[in-house]
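Undergrad:
In our numbering, the protein residues as written are 189 to 777.
1) Check the DSSP bridge columns for residue 259 and list the partner residues they point to.
2) Give the straight-line distance between the Cα atoms of residue 278 and residue 365, rounded to the nearest whole angstrom.
3) Under three-state DSSP, which class holds residue 307?
4) What alpha helix (DSSP H) runs, 4 residues minimum, are completely inside the region 587-648?
5) Are residue 711 and residue 727 closer than 8 Å when you measure CB to CB?
6) Answer yes if the region 422-431 comes into contact with the region 236-245, meaning at least three C-beta pairs across the two stretches below 8 Å, and no otherwise.
7) Whether or not the region 218-228 and the region 278-291 are in contact is what I'm after, with contact meaning three or more pairs of Cβ atoms, one per stretch, closer than 8 Å; do they touch?
8) Could you please give the first and the last residue of the uninterrupted beta strand (DSSP E) stretch that includes residue 714?
9) Could you tell me whether the Cβ atoms of residue 691 and residue 568 are closer together than 8 Å?
10) For the region 602-618 and the region 670-686, state whether three or more C-beta atom pairs, one from each stretch, are separated by less than 8 Å.
11) Secondary structure at residue 209, three-state DSSP: helix, strand or coil?
12) Which same chain residues, not among the five before or five after residue 750, have their C-beta less than 8 Å away from its C-beta?
13) Excluding the 5 residues preceding and the 5 following residue 658 in the sequence, name in chain order all residues of the same chain whose CB lies nearer than 7 Å to its CB.
14) What ranges does the alpha helix (DSSP H) occupy inside the region 377-455, keeping only unbroken runs of at least 4 residues that lie completely in it?
15) For the candidate residues 369, 540, 403 and 665, whose alpha-carbon lies nearest to that of residue 597?
16) Go through its chain and collect everything with a Cβ distance to residue 453's Cβ below 6 Å, but skip five positions before and after it.
17) Excluding sequence positions up to five away, which residues of its chain have a Cβ less than 6 Å from the Cβ of residue 516?
18) Name the two residues that bound the continuous beta strand (DSSP E) containing residue 221.
19) How should residue 625 be labelled, buried or exposed, when 16 other C-beta atoms within 10 angstroms of its C-beta is the threshold for buried?
20) Can you check whether the CB of residue 392 is closer than 8 Å to the CB of residue 129?
21) Pick out the complete beta strand (DSSP E) segments inside the region 308-366, 3 residues or longer, and give them in chain order.
22) Out of curiosity, what's the CA-to-CA distance linking residue 770 and residue 199?
23) Going by DSSP in three states, residue 290 sits in which element: helix, strand or coil?
24) If you compare alpha carbons, which of 671, 639, 732 and 507 is closest to residue 541?
25) Would DSSP call residue 738 helix, strand or coil?
26) Taking a contact to mean a Cβ-Cβ separation below 8 Å, would you say residue 196 touches residue 360 in this structure?
27) Considering only C-alpha positions, which residue in the set 689, 323, 634 and 300 is nearest to residue 545?
28) Between the alpha carbons of residue 773 and residue 525, how many angstroms are there, rounded?
29) Tell me, which residues are paired with residue 277 by DSSP?
30) Does the count of Cβ pairs from the region 231-239 and the region 385-399 closer than 8 Å reach three?
31) In three-state DSSP terms, what is residue 204?
32) Just mark residue 217 as buried or exposed, buried being the case when its beta carbon has 16 or more other beta carbons within 10 Å.
So, in structure tokens, the structure goes:
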């Protein structure tokens with residue numbers, strides 16, 4: 189079965205300290221505490237008190253720290269906490285959920301990836317149904333989650349879905365960053381009651397809460413109160429008020445104890461010793477040998493380990509999900525097809541009067557003396573304008589496709605999803621989009637410009653350059669913020685188009701000793717193949733050797749050109765995948 193019967197894990201931490209690497213300021217200062225199995229701990233404090241930093245350390249997302257973390261009184265290797273995705277699940281503050289999928293589809297995908305290696309699909313679906321029922325999501329099971337543009341489920345329900353994405357793995361520890369943020373009072377209370385219910389099932393729950401209402405405060409089993417990185421109180425919620433009253437502070441009977449305590453915390457640092465700290469955890473950590481620690485750590489990780497779906501299965505799951513998402517965004521799909529059609533139409537109109545005669549050279553012997561003025565520039569210009577048109581049609585969509593899910597990919601990576609499988613699935617799902625766009629572009633171009641080139645060849649060449657632009661888009665999406673991605677990608681692909689060897693001619697670039705830069709870009713190989721295919725139909729009449737020397741290209745190797753362009757486009761994707769993986773794991777940008 190997919191649901192564990194051994195959930196729950198006692199979490200202890202002692203003297204956790206984190207110092208800012210440049211300013212030297214202590215972000216956390218010797219914070220200690222213990223959360224028994226099946227308890228709900230609320231971490232309270234004003235903004236900047238270190239709440240989020242603490243849970244990030246406990247979740248293994250911050251490594252440059254000192255102190256000790258214990259699981260079931262076993263000291264843990266701080267450098268390995270980030271790899272313990274099956275033990276601790278982290279729910280971020282923002283509800284990072286696929287908006288175009290239903291509640292069921294979102295949770296089922298997460299479960300299939302995280303449990304696919306240890307459970308059958310039938311068991312997984314049954315487990316997901318139990319989770320949905322437990323979280324009170326049955327009524328919206330088949331509703332689309334939605335976002336700002338498309339109305340969907342409520343904010344509280346969206347938060348429950350966000351929790352469910354991690355809960356399906358039956359983790360012993362669940363950590364949440366401000367789960368009540370952005371919710372109304374009733375929805376916030378319902379979320380905390382839900383977490384209390386989960387703790388009652390044996391799951392250890394830690395959550396950051398900014399300013400809880402009295403009902404929320406009283407629901408918590410224990411609280412840890414921080415101020416500017418220092419621990420003010422750690423212990424049962426029921427004793428918190430008495431603790432501060434013993435220190436001489438007064439509480440208005442009608443006031444919210446949490447508000448009063450947080451106000452006190454802003455200027456109170458007297459009491460730093462907390463007798464509720466688990467002494468056995470200290471003793472265990474101090475007396476065990478390194479070998480015993482390592483053995484106990486590995487035993488714990490194996491006990492709570494779930495096997496994720498195999499890599500190829502994750503590729504298929506991501507592909508299936510992406511196709512479903514795109515099918516629910518028809519406006520985006522048809523806009524991209526329209527862009528390809530429009531640019532092909534405009535390019536064809538611009539070349540209409542040439543009637544496919546894009547080259548005029550010297551006649552073959554013995555008719556060379558009868559040659560009129562040569563025209564070596566039209567074919568290169570056609571190649572250059574084609575690059576521009578494809579760029580206009582696909583640059584923005586390519587970066588949007590990859591960039592709109594950066595936050596989702598970061599969350600899924602931290603939950604144990606394979607970033608490479610996600611990226612491959614996403615890349616495959618885009619193939620139909622730019623293939624149809626290339627088909628419409630080529631059709632209008634051929635219809636109006638009437639080039640003397642077979643349609644299949646032109647379509648293949650255009651498709652290859654669409655492929656390369658989408659590869660560039662994946663790189664740009666990985667290194668820029670979402671709002672800047674389309675413009676940056678457009679500029680990058682314009683540069684690739686200009687550096688194609690058409691204008692300035694590749695022959696001149698070779699004189700500058702910079703041809704190596706042009707050869708690193710796909711535009712050069714696309715232009716060489718494109719010009720060759722537009723000129724070769726005239727080889728029965730004109731001498732083509734001279735135009736090749738004039739332009740600096742090597743004709744007669746279209747297959748080689750296409751192969752290199754595909755290789756470069758693939759390398760862009762490899763780079764994009766690596767950058768997205770690094771971004772997901774480090775959280776930069």
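Heads up, the beta-carbon is just placed ideally off N, CA and C, and yes, glycines get one too. Only a predicted model underlies this, so the values are computations on that prediction, with no experimental measurement involved.
TA: This is what the structure gives:
1) The partner list for residue 259 (beta bridge, DSSP) reads 199 and 262.
2) Separation of residue 278 and residue 365 (C-alpha to C-alpha, rounded to the nearest whole angstrom) is 8 Å.
3) The three-state reading of DSSP puts residue 307 in coil, since its state is none of H, G, I, E or B.
4) Fully enclosed alpha helix (DSSP H) runs of 4 or longer: 594-602 and 607-637.
5) With contacts defined as CB atoms closer than 8 Å, residue 711 and residue 727 fail to qualify as a contacting pair.
6) These segments do not touch.
7) No: fewer than three Cβ pairs fall under 8 Å.
8) Taken as a continuous stretch (DSSP letters only), residue 714 belongs to no beta strand (DSSP E), being part of the alpha helix (DSSP H) at 710-723.
9) Judged by beta-carbon spacing, residue 568 lies within the 8 Å limit of residue 691, meaning their Cβ atoms are closer than that value.
10) No, they do not touch.
11) Here DSSP, grouped into helix, strand and coil, assigns residue 209 to coil.
12) Cβ-Cβ distances below 8 Å link residue 750 to 648, 649, 652, 713 and 717 in the same chain, with the five nearest sequence neighbours on each side left out; the list follows chain order.
13) Answer for residue 658: 582, 586, 618 and 622, listed in chain order.
14) Inside the region 377-455, DSSP marks whole alpha helix (DSSP H) runs of 4 or more residues at positions 402-407, 425-434 and 445-453, from first to last along the chain.
15) It is 665 whose Cα lies nearest to the Cα of residue 597.
16) Only 413, 415 and 420 meet the Cβ criterion.
17) These residues qualify, in order along the chain: 288.
18) Run containing residue 221: 214-223, per the beta strand (DSSP E) assignment.
19) Sixteen is the threshold: when 16 or more other Cβ atoms of the shown chains lie within 10 Å of the Cβ of residue 625, as they do, the residue is buried.
20) Examination of residue 129 is not possible in this model, given that the chain is present from 189 through 777 alone.
21) The region 308-366 is shown to contain whole beta strand (DSSP E) runs of 3 or more residues at 361-364, in chain order.
22) Answer to the nearest angstrom: the Cα atoms are 29 Å apart.
23) In this structure, residue 290 counts as strand in the three-state DSSP scheme.
24) Comparing C-alpha distances from residue 541 to each of 671, 639, 732 and 507 shows the shortest one belongs to 639.
25) In the displayed model, residue 738 falls within a helix according to three-state DSSP.
26) Yes.
27) Of the listed residues, the one whose Cα sits closest to residue 545 is 634.
28) Taking the straight line joining both Cα atoms gives about 35 Å.
29) Looking at the DSSP assignment, residue 277 forms a beta bridge with 362.
30) The region 385-399 and the region 231-239 touch, with three or more beta-carbon pairs separated by less than 8 Å.
31) Residue 204: strand per DSSP, three-state reduction.
32) That one is buried.
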